[in-house]
Amino acid sequence: MKTILHVSCSPRGQAAESYRLSQAIIGFLLKKEPEAIVVERVIGNGMIAHVDEAYAISQASSADVSTEGSMVQSEELIRELEAADFVVIGTPMHNLMVPSALKAWIDHVVRARRTFTIGPAGKVGTLRDRPVYIAIASGGRFSGERARQPDFLTPYLKAILAMIGLHDLTFFSVQGTVAGPDATDETRRVTFRALEEHFSSLFAPS
Ligand SMILES: Cc1cc2nc3c(=O)[nH]c(=O)nc-3n(C[C@H](O)[C@H](O)[C@H](O)COP(=O)(O)O)c2cc1C
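Here the working numbering is used: the first residue of the sequence shown is 33, the next is one more, and so on.
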C-alpha cells in the first residue's frame with residue numbers, strides 16, 4: 033500500500049491557502065492511488081522544537097553524542113519520510129523563505145551520517161528519491177513578470193532536499209493572496225488548471 037506524507041507548515045492550519053493547495057494535490061494523487069494512506073504531519077503550529085544542544089554537537093562532530101531529545105524526534109521524522117511514496121509539503125512564504133516551522137523540520141530530517149554522508153565528493157544524500165510536491169502560498173508574487181521580491185524559498189528547498197537524495201520536486205503556488213479574494217480566486221483557478229494538466233499527463237494510460 034502506498035503512503036502519502038503531508039507536511040503542513042502554515043500557522044493557519046486547515047484555513048491556510050497552502051493547505052488548500054496541498055489538499056488538491058493529495059486529491060489528484062488519491063485518484064491515481066485510491067488505497068493510499070495519507071499521513072498528516074502538522075508542523076505549522078510549532079510542534080517541532082528547535083534542535084537541542086546534544087544534536088547540534090553531534091552535527092558538528094564525527095559521531096552521534098546522544099540518543100535522546102532532538103535525536104528521537106529526528107529519527108521519528110526521518111522514518112516517516114523514508115516510509116512515504118509521495119511527499120506533499122504545504123507551505124507559505126515567510127520573509128522570502130520557508131517559515132521557521134519548516135526550517136525546524138528540515139533541521140531534524142537533514143542529519144549527518146543518517147540522511148546524508150560527507151566525503152571527497154561533498155555531501156551525498158542517502159534517501160531513495162520519490163516525488164515531492166511543494167504547494168506554496170504567498171502574499172505577493174515571487175516568480176514571473178509581476179514578481180516584486182526575491183525568492184529564496186524554491187532554490188533553498190531544491191538545494192536542501194537534493195542534499196538528502198530528494199530530486200524529484202514539483203512546485204505549485206498560489207501567489208499574490210494579499211490582492212484580495214477575487215484576484216486570489218483567479219490565481220487559484222490558474223494554479224488548479226496547471227495541476228490538472230500536470231496530473232493528467234503524468235497519469236495518462238500508456
Ligand atoms: C511572518 C510572515 C512573513 C511573510 N512574508 C512574506 C513574504 O516574504 N513574501 C510574501 O509574498 N508573503 C509573505 N507573507 C504572506 C503570506 O505568504 C501569505 O499570507 C500567504 O498567503 C499565507 O499562506 P497560508 O495561508 O498558507 O499560511 C508573510 C506572512 C507572514 C505571517
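The beta-carbon is built from N, C-alpha and C at its ideal position, and this holds for glycine as well. Computed from a prediction, not measured in an experiment: that's the story for all the values here.
Discussion item. Tell me whether Y51, by its Cβ, gets closer than 7 Å to a heavy atom of ligand 1.
Written reply: Under cutoff, so the answer is yes.
Discussion item. Can you give me the C-alpha to C-alpha distance between K155 and A144, rounded to a whole angstrom?
Written reply: When rounded, the distance between both Cα atoms is 9 Å.
Worksheet entry | Inter-residue spacing [alpha-carbon to alpha-carbon] between T216 and K34 | So the alpha carbons of these two residues sit roughly 33 Å apart.
Practice prompt. Could you tell me the boundaries of the beta strand (DSSP E) in which A133 lies?
Written response: Note, A133: premise wrong, no beta strand (DSSP E); alpha helix (DSSP H) at 132-141.
Fill in: Supposed close pair E72, A169 - CB separation, criterion 8 Å
By a beta-carbon distance limit of 8 Å, E72 does not contact A169. Their separation comes to about 18 Å.
Worksheet item: Do the CB positions of V164 and L134 come within less than 8 Å of each other?
Response: Going by C-beta atoms, V164 is not nearer than 8 Å to L134.
Worksheet item: CA-CA distance, R162 and D183?
Response: When the Cα atoms are used, R162 and D183 turn out to be separated by approximately 24 Å.
Worksheet item: Closer than 7 Å: is that where the CB of N127 sits relative to any heavy atom of ligand 1?
Response: Answer for N127: yes, Cβ within range of ligand 1.
Fill in: V120 vs I69 beta-carbon contact at 8 Å
No, the pair does not count as a contact, with Cβ atoms beyond the cut-off.
Worksheet item: In chain order, which beta strand (DSSP E) runs of at least 3 residues are fully inside the region 71-145?
Response: Counting whole runs of 3 or more residues, the region 71-145 contains the beta strand (DSSP E) stretches 118-124.
Fill in: Three-way DSSP call (helix, strand, coil) for F60 in this model
In this structure, DSSP gives F60 a helical state, which the three-state scheme calls helix.
Worksheet entry | Cβ-Cβ distance between N77 and G122 below 8 Å | Not in contact: N77 and G122 (Cβ atoms no closer than 8 Å).
Worksheet item: Which residue's Cα is closest to the Cα of A236: L53, I36, K63, R52?
Response: That would be K63, whose Cα lies nearest to the Cα of A236.
Worksheet item: Closest by CA to P124, which one among E100, S90, T186?
Response: Distance from the Cα of P124 is smallest, within the candidate group E100, S90, T186, for T186.
Discussion item. Using a Cβ-Cβ cutoff of less than 7 Å, which residues in the same chain neighbour F224 once the five nearest sequence positions on both sides are dropped?
Written reply: Cβ neighbours of F224 beyond the five flanking positions: A56.
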